[in-house]
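Visitor: First to last, the protein sequences are chains A and B. Every letter in the first sequence is one number past the one before it in my numbering, and letter 226, counting from 1, is 226. Every letter in the second sequence is one number past the one before it in my numbering, and letter 11, counting from 1, is 11. Cβ coordinates follow ideal geometry from the N, Cα and C atoms, glycine included. Keep in mind the model is a prediction, meaning the values are calculated, not measured. Below: one structure in C-alpha cells.
Number of protein chains: 2
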Amino acid sequence: MKTYLDCIPCFFRQALGAARVATDDVDIQRRVIDAVAGMVPDFPLDITPPQIAQRVYRAVYEITGNDDPYREEKRHSNEKALSLYPQLKEIVRGSDDPLLTACKLAIAGNSIDLGPQVEPVDLDSTIATALASPLSYDNYPQFRREIQDASTLLYLADNAGEIVFDKLLIEEICREERIDVTVVVRERPIINDATMEDAIVVVLNQVVPVISNGSDAPATVLSQCSTEVRDIFNSADLIIAKGQGNYESLSDVPANIFFLLRAKCPVVAVPLSIRVGDAVLKGQTD
Amino acid sequence: MKTYLDCIPCFFRQALGAARVATDDVDIQRRVIDAVAGMVPDFPLDITPPQIAQRVYRAVYEITGNDDPYREEKRHSNEKALSLYPQLKEIVRGSDDPLLTACKLAIAGNSIDLGPQVEPVDLDSTIATALASPLSYDNYPQFRREIQDASTLLYLADNAGEIVFDKLLIEEICREERIDVTVVVRERPIINDATMEDAIVVVLNQVVPVISNGSDAPATVLSQCSTEVRDIFNSADLIIAKGQGNYESLSDVPANIFFLLRAKCPVVAVPLSIRVGDAVLKGQTD
C-alpha cells in the first residue's frame, strides 16, 4: 500500500518515541524531530509506509548514536512471551481447532509492536480477548485449505516477543501437515522487529530454518531482500506475513500470501472495514 | 505552559485535519504538510502550544485559501447545543447544586473541540457521563467561594457550540450572585473557536456583554489581546478560562483564574494526574 498523509504525524510520533528511549537529552530529541521535518518534503507517498519509516528510524539511530534503542524492550518481550508459552501451548492443544487457536494467538502476539501503535497493550488481556473472540477479518477457512495443500511455506516474522507466538503457530502447522517451513526475520535491529538473535533466544531456529532477509526495513521490502529470500518468496506454495509492516509492504504484491495482524491504525483498518485493534487473517486474493 | 516535543506530531495531525476540511485537493494538503515541516525547526518550545498552533493554522488557511474551514461545523455545533439548551436548563435548575451542575455541563461542552482532540466525542453520552460523575480535578469548593466574593468576572470562552453550555453557567452565576460578567471570544475564526458571530447566534450577547479579544490565537495570549481585554483581565476579581487552549496560554499567568476544561491530551492530563478526557475545574493557585 502507498503512504498516506495521515502517516506523517505518526512518523514524528514514532521518531520522538524512539529518540526518547535512545537518549534523555531533549536537545538531541529536538534534533531528531527537526531532521525528520527536513525529510518530509522528500517523502515519496507512492512508496510504502515502512520504507519511509526505515528512513526515519535510520535518522533517529544516527542522530542519537543508538542503533538499537528497543533492545531492552525486545529482551523483555521475549522473556514475557516465553513465560506464557507453556500455558499457551496447552490452550492450543486442548482446543477444538488447534490451528485456529494458534492463529488467534499469533495475531494476539502482534500486539507487541512499538511502532505504529499509539497505546501500549496489556498482553494478558489481549490474549484472553483474542481467544474468546472471532477474527474480525476472517479468511481462516481458505487459510486452512491452503495449509493442507501447501508443501512449502515461507513465514515472515514481525516482532520480538511475538515470535514466541509465531513458534506456536508454526509448530501447529508442522504437526498437522507435511510442510517445509522457513522463517524470515529482519537483518538488523529496527524498532522492535525480530532479528536472528531473537529467533535464537526463543529457540525458534531449532524448530524450523530461520534466515534473515538482508534488510533493515520494518517490513518485507522485496527489492531490499537477499536473493535467497526472494527466491524462497517466489517459489513458496504459501506465505504467511505477520504484522502491519509486512502487510503494508506486501499488500500489492501478487503472491499467495495470508496476512495475520492486529490493525494498528485507521489507514489499515478503515479500508478493511474493521476497527483499530481488530484481528485480521486475510488472504491476498480476498 | 511551554510546548512539548509531543505537541509537534499533533500540530501535523491538526494541520492535515483542517486542510482536508478546507480542500479535497491532496496536492494542496501535501503542500500544507510540507509547509508545516518547514516551520518545525523555527518552533520555539518556550512559547505556549496555542501560539505555535496559531502559526500552523495561519499557514493552513493561507495555503488552502480557506480562512474558516470549520465554519459549517461551528454552525452545526451551535445548533446542536441550542437544541439541548432547554432540557439542560431544566436539569441545572432541578439539581441539588445548580452551580456545580452548570460547571459540569460547561466542562462537558468543552468536548466540542476540533483541535487537539484525536477522537470525535458523542456529545449526548458525554453530557450523561458528566452529570453522573464527580470532577476528576475538583476545586469546586474554592470556586464557589470565589464566585460568592467576586463583584466582577471575566469569562474567557473557548469553542462554538460550547458557548451554549457557557451561557448556562453564566446565567447560573448571575442568578446566584450580584456579579458583573464579561465574556471574551476570539477576534477571528481559528479552528472551531467561538467568535462574536457565535455569541450572537446563541444569544449570549443579550445575557451579558460579549467582546472579542483582538487575537486569532486559539487561546488567550495576553500580549496579543486588545488593551480593553487586558484591562478587564487585570482588574477582574475572578476569571473563568474555558478549554485547553486557554489553560495552555494562561497556566503560568499569576491571576485569580479558574480553568474549566476536559483534558485533551497527555501533555495536559499527566501533570494534573488525571486521564485524557477527564473533567477539570482547577484554580490557578491550587
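Taking Asp6(A) as the query, report the chain B residues whose CB atoms sit under 9 Å from its CB, ordered along the chain.
Guide: Near Asp6(A) (Cβ distances below 9 Å), the residues of chain B are Arg13 and Leu16.
Visitor: Rounded to the nearest angstrom, what separates Cys174(A) and Gln206(A) at their Cα positions?
Guide: Their Cα atoms are separated by approximately 13 Å.
Visitor: List the endpoints of the continuous alpha helix (DSSP H) containing Lys282(A).
Guide: Looking at the DSSP string, Lys282(A) is not in any alpha helix (DSSP H); the run it does join, the beta strand (DSSP E), is Ala279 to Gly283.
Visitor: Measure the C-alpha to C-alpha separation of Thr285(A) and Pro86(A) and round it to an integer number of angstroms.
Guide: When rounded, the distance between both Cα atoms is 35 Å.
Visitor: Residues of chain D with CB closer than 8 Å to the CB of Ile91(B), please, in chain order.
Guide: Protein chains in the displayed structure are A and B, and chain D is not among them.
Visitor: Mark Thr220(B) as exposed unless 16 or more other C-beta atoms lie within 10 angstroms of its C-beta, in which case mark it buried.
Guide: Buried, by the Cβ-count rule.
Visitor: Taking its Cβ as the centre, do 16 or more other Cβ atoms sit within 10 Å of Arg275(A), making it buried, or is it exposed?
Guide: Flag for Arg275(A) reads exposed.
Visitor: Along chain B, which residues have their Cβ under 7 Å away from the Cβ of Ile33(A)?
Guide: Leu5, Ile8 and Val40, listed in chain order.
Visitor: Under a three-way DSSP split, which group does Arg178(A) fall into?
Guide: Looking at Arg178(A) - three-state DSSP - the assignment turns out to be coil, as it is neither helix nor strand.
Visitor: Indicate the three-state DSSP secondary structure (helix, strand or coil) for Phe11(B) in the structure shown.
Guide: Correct three-state label for Phe11(B): helix.
Visitor: Chain A beta carbons: is any one of them nearer than 7 Å to that of Gln29(B)?
Guide: Chain A, which has a Cβ nearer than 7 Å to the Cβ of Gln29(B), makes this yes.
Visitor: Have a look at the DSSP bridge pairing and note the partners of Tyr137(A).
Guide: Paired residue(s): Val280(A).
Visitor: How would you list, in chain order, the residues of chain A whose beta-carbon sits under 7 Å from the beta-carbon of Ala37(B)?
Guide: Those are Ala37, Val40 and Pro41, listed as they occur along chain A.
Visitor: Report yes if the C-beta distance between Arg230(A) and Leu222(A) is below 7 Å; otherwise report no.
Guide: Cβ distance < 7 Å, so Arg230(A) and Leu222(A) count as in contact.
Visitor: So for Asn159(B), helix, strand or coil by DSSP?
Guide: Reduced to three states, the DSSP call for Asn159(B) is strand.
Visitor: Nearest by alpha-carbon distance to Gln54(B): which of Cys103(B), Ser111(B), Ser249(B) and Arg31(B) is it?
Guide: Nearest of Cys103(B), Ser111(B), Ser249(B) and Arg31(B) to Gln54(B), Cα basis: Ser249(B).
Visitor: Could you check if Asp216(A) is buried or exposed, using at least 16 other CB atoms within 10 Å of its CB as the buried criterion?
Guide: Label assigned to Asp216(A): buried.
Visitor: Look up Ile239(B) in the DSSP assignment and say whether it is helix, strand or coil.
Guide: Ile239(B) falls in the strand class under three-state DSSP.
Visitor: Within 10 angstroms of its Cβ, does Ile200(A) collect 16 or more other Cβ (buried), or is it exposed?
Guide: Its Cβ having fewer than 16 others within 10 Å, Ile200(A) is exposed.
Visitor: Specify the secondary structure class of Thr152(B) as computed by DSSP and reduced to three states.
Guide: Note: Thr152(B) maps to strand in three-state DSSP.
Visitor: So Asn192(B) and Lys104(B) are supposed to be a Cβ contact under 8 Å. How far apart are they, rounded?
Guide: About 21 Å separates the two Cβ atoms, so there is no contact after all.
Visitor: Just verifying my parser: in three-state terms, what is the DSSP assignment at Val201(A)?
Guide: Helix, per DSSP.
Visitor: According to DSSP, is Leu261(B) helix, strand or coil?
Guide: If DSSP states are grouped into helix, strand and coil, Leu261(B) belongs with the strands.
Visitor: Whether or not the segment 109-120 of chain B and the segment 141-161 of chain B are in contact is what I'm after, with contact meaning three or more pairs of Cβ atoms, one per stretch, closer than 8 Å; do they touch?
Guide: Touching, yes.
Visitor: Identify, in the order they occur along the chain, each residue of the same chain with its Cβ nearer than 8 Å to the Cβ of Leu153(B), setting aside the five sequence neighbours on each side.
Guide: The residues are Ile147, Ile173, Ile179, Asp180, Val181, Thr182, Ala236, Asp237, Leu238, Ile239 and Ile240.
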